[in-house]
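Visitor:
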Amino acid sequence: MSVPALDVSGVSKDFGRIIALRGVTFSVQAGEFVSILGRNGAGKTTLLNVVSGISRPSEGSVRLFGTDPGDRENKAKLAVISHEMFLYGNLTAVENLQYYSRVYNISDAAARIDAVLQNVELTHRRFDLVATYSRGMTQRLTIARALLHQPSLLLLDEPFTGLDQHAIGMLITLLLKQKEMGRTILLTTHDLHTAAELSDRYLVISKHKIVRDGIMSDTTPDQIRETFFSSEAGDGNS
Amino acid sequence: MMRTALAILKKDMRMEFRSKDSILAMWIFSLLIFVIFNFTFEVSRLVMLEIAPGLLWVAFVFSGMFGLNQSFAIEKENGNLRAMALMPVDGGEIYIGKFLSVTLIMLMFEALIFPIFIIFYDLQLSMGMFRLIPVLLAGTIGFTSLGTILSAVAVHTRNQQVLLSLLLWPLVTPIIIWSVTLTGMVIDGEVTQSFYPLLLRVGAFDVIFFTLSYMLFDFILED
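Quick mapping for you: the protein sequence lines, in order, are chains A and B. Numbered according to my numbering, the first sequence spans residues 20 to 257. Numbered according to my numbering, the second sequence spans residues 15 to 237.
(1) Distance cutoff 9 Å, beta carbons only. Does M156 (chain A) sit that close to anything in chain B?
(2) Mind checking who I224 (chain A) pairs with in its DSSP beta bridge?
(3) Could you tell me which whole alpha helix (DSSP H) segments of length 4 or greater appear in the stretch 130–217 of chain B?
(4) Between the stretch 136–162 of chain B and chain A, which residues of the former have CB atoms less than 7 Å from a CB of the latter, in chain order?
(5) Mind pulling the chain B residues with CB within less than 9 Å of I73 (chain A)?
(6) Keeping to the same chain, check which residues put their C-beta closer than 8 Å to that of I108 (chain B); ignore five residues upstream and five downstream.
(7) Check distances from the C-beta atoms of the stretch 91–116 of chain A to those of chain B and list, in chain order, the residues that come in under 9 Å.
(8) Using 8 Å for Cβ pairs, my map puts G57 (chain A) next to S225 (chain A). What's the rounded Cβ distance?
(9) From P88 (chain A) to F48 (chain B), what does the alpha carbon distance come to, in whole angstroms?
(10) Contact criterion: CB-CB distance below 9 Å. Does V122 (chain A) meet it with respect to chain B?
(11) Between the alpha carbons of D136 (chain B) and A152 (chain B), how many angstroms are there, rounded?
(12) Would you list the one or two residues that DSSP bridges to F224 (chain B)?
(13) Should H227 (chain A) be labelled buried (16 or more other beta-carbon atoms within 10 Å of its own) or exposed?
(14) Can you give me the Cβ contacts of I125 (chain A) inside the same chain, cut-off strictly under 7 Å, excluding the 5 residues immediately before and after it?
(15) Beta carbons nearer than 7 Å to chain A: which residues of the stretch 21–43 of chain B have them?
(16) Taking the beta carbon of Q207 (chain B) as the centre, do at least 16 other beta carbons fall within 10 Å, making it buried, or is it exposed?
(17) What does a CB cutoff of less than 7 Å around Q48 (chain A) pick up in its chain, not counting 5 residues either side in sequence?
(18) How do the stretch 176–189 of chain B and the stretch 138–149 of chain B stand: do at least 3 beta-carbon pairs fall below 8 Å, yes or no?
(19) Ordered along the chain, which non-local residues of its own chain (more than five positions away) have a Cβ less than 7 Å from that of I127 (chain B)?
(20) Name the DSSP bridge partner or partners of S28 (chain A)?
(21) Can you tell me whether DSSP reads G255 (chain A) as helix, strand or coil?
(22) Using 9 Å as the limit for Cβ to Cβ distance, is Y152 (chain A) near chain B?
(23) Between Y118 (chain A) and chain B, is there a C-beta pair that is closer than 9 Å?
(24) Are the CB atoms of T207 (chain A) and T64 (chain A) within a distance shorter than 9 Å?
(25) Which stretch, first to last residue, makes up the beta strand (DSSP E) that contains I55 (chain A)?
(26) Taking CB distances under 9 Å as the criterion, tell me whether D104 (chain B) reaches chain A.
(27) If I measure Cβ to Cβ from F105 (chain A) and keep anything under 7 Å in the same chain, skipping five residues before and after, which residues do I get?
(28) Hey, would you say V30 (chain A) sits closer than 9 Å to L40 (chain A), going by beta carbons?
(29) Would Y221 (chain A) and I191 (chain A) qualify as a contact pair, given that the criterion is a beta-carbon distance under 9 Å?
(30) Pull up the DSSP beta-bridge partners for S46 (chain A), would you.
(31) List, in order along the chain, the chain A residues whose C-beta lies closer than 8 Å to that of G93 (chain B)?
(32) Can you tell me where the alpha helix (DSSP H) with K64 (chain A) in it begins and where it stops?
(33) Compare the C-beta of I110 (chain B) with all C-beta atoms of chain A and state if any pair is closer than 9 Å.
(34) Name the residue from B:S227, B:S193 and B:Y228 whose alpha carbon lies nearest to the alpha carbon of L212 (chain B).
(35) Fully enclosed by the stretch 135–216 of chain A, which beta strand (DSSP E) runs are 3 residues long or longer?
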């Protein structure tokens, strides 16, 4: 069997007395689209931080493509999209993307920048300062920035937050396209319907641990919701 | 190796020239210091010459604090500090980029404020004044090499400016004192035998601060 794209084994994370994750174990195969569902504060963002190598687990281990997530090679294969922009408001879209192109050592930068801007329909605003963009446009540029270096693994942390319907639709289309291209995608959300539309598999995280790991096609959003609420009511022992 | 550092430098310079946030604030602050000291205290030219090097460095370092705070404030905004932690590069490269941009902004500011300092304190320009160039370079590099990493530490906290001051001042004070002494020697035209050993000592501290910061920066970027 091939090495999983992501292997999380017995990961716990605490910040002093605050527990963020407890014994989280799961793996994601290359090309899989997995949604992590859970309430605010359940530990979803911490899990993505640990997976991306920004944060070290207090216990357990994370392997990305068989090696440490902090490895340079792994970081080059990774992209994170969250409600944070990772963009500079005082630079134009092109300047932001040029900056990331240099950092990620993209050889055909100009062509890549044109392509990603076209994908997110921002070509007409490419020379405007990002500070003048609407929330939806900023998020589209965030996506362009993330796809610029053609990552193998996409980590999406509540990417739909604050977006209008048009932007949500565009993001869903883009994500489906990435899925078709065989990219591995890990999405955290509390929107069950969007997760059901996009994912192959889902994990429910409640009270800092995984309480359900299921195949999306075998489950309805209502069944997931039921799992979700029962685990919340069950004092986290499920 | 230097690709990322240069990308960060270019990005920071572009943003600074566009907004002029740091340089303008630093320049106004320094001008205020010079005006207050020049017109408030009625002292003889001799006394003024005695205190002038200290005043110059007060202006440099207090304004420099603003530049340091600003340097990582723009990274904290929109989660860019997190984006830096995700970059496929060593933290050291990111450190060099930020260090270069802070140092360059500070040197540009020094170049802009120094002529005003000369006018205010009626200093005589001579060829010997060129000795100030290595003094300003060494003192500034010492200040910014340490200030860059401590600014990255402080930016994670709520009291960023207070913490940066608390961490930076005790460590950077020897460099500032020696730089004031060296500047005094140049301005007075009394460059003694101790000038170069002292300059070398500042340079040695620069190397130590820079090397340690370069090696430790990876840990700063982690959560």
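Heads up, the beta-carbon is just placed ideally off N, CA and C, and yes, glycines get one too. Given the structure is predicted, the values throughout are model-derived calculations rather than measurements.
Guide: With the given structure in hand:
(1) By one-based count along the first sequence, residue 156 (chain A) stands at place 137. With 9 Å as the cut-off, M156 (chain A) does not count as an interface residue toward chain B.
(2) Within the first sequence, residue 224 (chain A) is the residue found at index 205, counting from 1. When DSSP reads this structure, I224 (chain A) sits in a beta bridge with A:I229.
(3) Along the length of the stretch 130–217 of chain B, whole alpha helix (DSSP H) runs at least 4 residues long occupy 146–168 and 174–202, reported in chain order.
(4) Listed by position along the chain: nothing, the set is empty.
(5) Counting from 1 along the first sequence, the entry for residue 73 (chain A) is found at position 54. Those are R96, A99, L100, L235, E236 and D237, listed as they occur along chain B.
(6) The residue you call residue 108 (chain B) lines up with position 94 of the second sequence. Listed in chain order, the non-local C-beta contacts of I108 (chain B) below 8 Å within the same chain comprise T18, A19, I22, M98, M101, F231 and L235, local neighbours out to five positions each way being set aside.
(7) Those residues of the stretch 91–116 of chain A that come within reach of chain B (Cβ to Cβ, closer than 9 Å) are R91, E92, N93, K94, A95, K96, L97, A98, V99, S101, H102, E103, M104, F105, L106, Y107, G108, N109, L110, E114 and N115.
(8) By one-based count along the first sequence, residue 57 (chain A) stands at place 38. By one-based count along the first sequence, residue 225 (chain A) stands at place 206. The beta-carbon separation of G57 (chain A) and S225 (chain A), rounded to 6 Å, stays under the 8 Å limit for a contact.
(9) The residue given as residue 88 (chain A) occupies position 69 in the first sequence. The residue given as residue 48 (chain B) occupies position 34 in the second sequence. Rounded to whole angstroms, P88 (chain A) to F48 (chain B) spans 52 Å at the Cα level.
(10) As a working mapping, residue 122 (chain A) is identified with position 103 in the first sequence. Interface residue, yes.
(11) Residue mapping note: residue 136 (chain B) aligns to position 122 of the second sequence, counting from 1. Residue mapping note: residue 152 (chain B) aligns to position 138 of the second sequence, counting from 1. Roughly 25 Å between the two C-alpha positions.
(12) Taking the second sequence and counting its residues from 1, one reaches residue 224 (chain B) at position 210. Answer by DSSP bridge pairing: none, since F224 (chain B) is not bridged.
(13) Walking along the first sequence from the start, residue 227 (chain A) turns up at place 208. That one is buried.
(14) Stepping through the first sequence from its first residue, residue 125 (chain A) is reached at position 106. The residues are R131, L167 and H168.
(15) Under the 7 Å Cβ criterion, the stretch 21–43 of chain B contributes A21, K25, R28, M29, R32 and S33.
(16) Start at 1 with the first residue of the second sequence, and residue 207 (chain B) comes out as number 193. Exposed.
(17) Walking along the first sequence from the start, residue 48 (chain A) turns up at place 29. Result list for Q48 (chain A): P23 and A24, in chain order.
(18) Contact fails: fewer than three Cβ-Cβ distances are below 8 Å.
(19) Translated into the one-based positions of the second sequence, residue 127 (chain B) becomes position 113. Counting only Cβ-Cβ distances below 7 Å, and skipping sequence neighbours, we find W41, S44 and A73.
(20) As a first step, residue 28 (chain A) is located in the first sequence; it is residue number 9 there, counting from the start. Beta-bridge pairing links S28 (chain A) to A:S80.
(21) Counted from its first residue, the first sequence places residue 255 (chain A) at position 236. Here G255 (chain A) scores only 42 on pLDDT, less than 50, and its place in the model should not be relied on; the value that follows carries that caveat. Correct three-state label for G255 (chain A): coil.
(22) Looking up residue 152 (chain A) in the first sequence gives position 133. For Y152 (chain A), the answer is no, since every Cβ of chain B falls outside 9 Å of its Cβ.
(23) Here the question's residue 118 (chain A) lines up with position 99 in the first sequence. Taking CB atoms only, Y118 (chain A) has a neighbour in chain B less than 9 Å away.
(24) To locate residue 64 (chain A), count along the first sequence from 1; it is residue 45. To locate residue 207 (chain A), count along the first sequence from 1; it is residue 188. Yes. Within cutoff.
(25) Working through the first sequence from its first residue, we reach residue 55 (chain A) at position 36. For I55 (chain A), the uninterrupted beta strand (DSSP E) segment begins and ends at F52 to L56.
(26) Within the second sequence, residue 104 (chain B) is the residue found at index 90, counting from 1. Contact of D104 (chain B) with chain A is assigned, a C-beta pair being separated by under 9 Å.
(27) As a working note, residue 105 (chain A) is residue 86 in the first sequence. Excluding positions up to five away in sequence, the list reads T161 and R164.
(28) As a working note, residue 30 (chain A) is residue 11 in the first sequence. As a working note, residue 40 (chain A) is residue 21 in the first sequence. Their beta carbons are under 9 Å apart, which means V30 (chain A) touches L40 (chain A) by this criterion.
(29) Position 202 of the first sequence, counted from the first residue, corresponds to residue 221 (chain A). Position 172 of the first sequence, counted from the first residue, corresponds to residue 191 (chain A). No, Cβ-Cβ distance for Y221 (chain A) and I191 (chain A) is not below 9 Å.
(30) Stepping through the first sequence from its first residue, residue 46 (chain A) is reached at position 27. Beta-bridge partners assigned by DSSP to S46 (chain A): A:D26.
(31) Taking the second sequence and counting its residues from 1, one reaches residue 93 (chain B) at position 79. Going along chain A in sequence order, the residues near G93 (chain B) (Cβ under 8 Å) are S101, E103, M104 and F105.
(32) For the purposes of this step, residue 64 (chain A) is taken as the residue at position 45 of the first sequence. In the sequence on display, residue 64 (chain A) carries Thr and not Lys. For T64 (chain A), the uninterrupted alpha helix (DSSP H) segment begins and ends at K63 to S71.
(33) In the second sequence, counting from the first residue as 1, residue 110 (chain B) sits at position 96. No, its Cβ sits nowhere closer than 9 Å to a Cβ of chain A.
(34) Stepping through the second sequence from its first residue, residue 212 (chain B) is reached at position 198. With distances taken between CA atoms, L212 (chain B) lies nearest to B:S193 out of B:S227, B:S193 and B:Y228.
(35) Inside the stretch 135–216 of chain A, DSSP marks whole beta strand (DSSP E) runs of 3 or more residues at positions 172–176 and 203–208, from first to last along the chain.
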